[in-house]
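Please read the structure below before turning to the comments.
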Amino acid sequence: MTELPKRSRPSRNELLERKGRSNIIFVTVATHNREPLLVDPGVHHALRNAWKQADHWFVGKYVILPDHLHLFCAPATFPPSSLRMWIRYWKRLTTQAKVFGRSKDIWQRDCWDTQIRSGRHYTEKWQYIQENPVRAKLVQSIEDWPLTGELTPLDWREP
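Under this note's numbering, think of the first position of the sequence shown as 375, with each following residue one higher.
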């Protein structure tokens with residue numbers, strides 16, 4: 375198998391409809407200056423509400439850590455609405471929910487995203503992000519981390 379390039383920034387390619395194959399994006403969003411603002415049940419609740427309200431993309435599995443979050447998402451329609459605009463929208467909604475104790479400098483300006491290429495890639499990414507709280511020594515077992523979940527099942531399909 376050909377080695378994929380290592381990037382310091384996402385490639386920002388347009389998401390293309392792939393007949394019969396899932397279109398799932400892996401996204402990482404960090405807080406401003408990586409401040410540990412996200413480990414609060416109120417923030418978790420605000421994020422879930424914002425993702426439900428920002429319905430141009432479906433949110434699948436996610437893990438929220440103190441200073442960043444990971445999620446899988448898929449477009450609700452094709453052609454898809456802008457991923458960047460969608461992320462900005464739910465960042466704004468969570469900021470307006472006033473769960474952070476301040477109203478600015480909550481989120482880093484940008485994010486990281488990559489399109490999932492295969493069922494194996496999807497499984498590997500999920501296993502990696504699930505284990506983040508354990509690697510960070512926040513809990514001993516992935517089952518102990520409360521800031522994880524799934525809003526919409528995003529199953530991998532291939533023709």
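Built from N, CA and C at the ideal position, the CB exists for glycine as well.
Asked: Assigned exposure category for Pro454 - 16 Cβ within 10 Å defines buried; Found: buried
Asked: DSSP three-state assignment for His418, whether helix, strand or coil; Found: helix
Asked: Distance between beta carbons of Ala404 and Trp431, contact taken as under 8 Å; Found: Not really, about 19 Å apart at Cβ, beyond 8 Å.
Asked: Cβ-based neighbour list, Asp529, same chain, cut-off 8 Å, excluding 5 preceding and 5 following; Found: Ser396
Asked: Cβ contact check for the segment 419-430 and the segment 460-472: 3 or more pairs under 8 Å; Found: yes
Asked: Among Asp429, Ile398 and Trp500, nearest to Val437 - alpha-carbon criterion; Found: Trp500
Asked: Where Glu517 sits in the DSSP three-state scheme; Found: helix
Asked: Test item: CB-CB of Thr522 and Ala448 under 9 Å; Found: no
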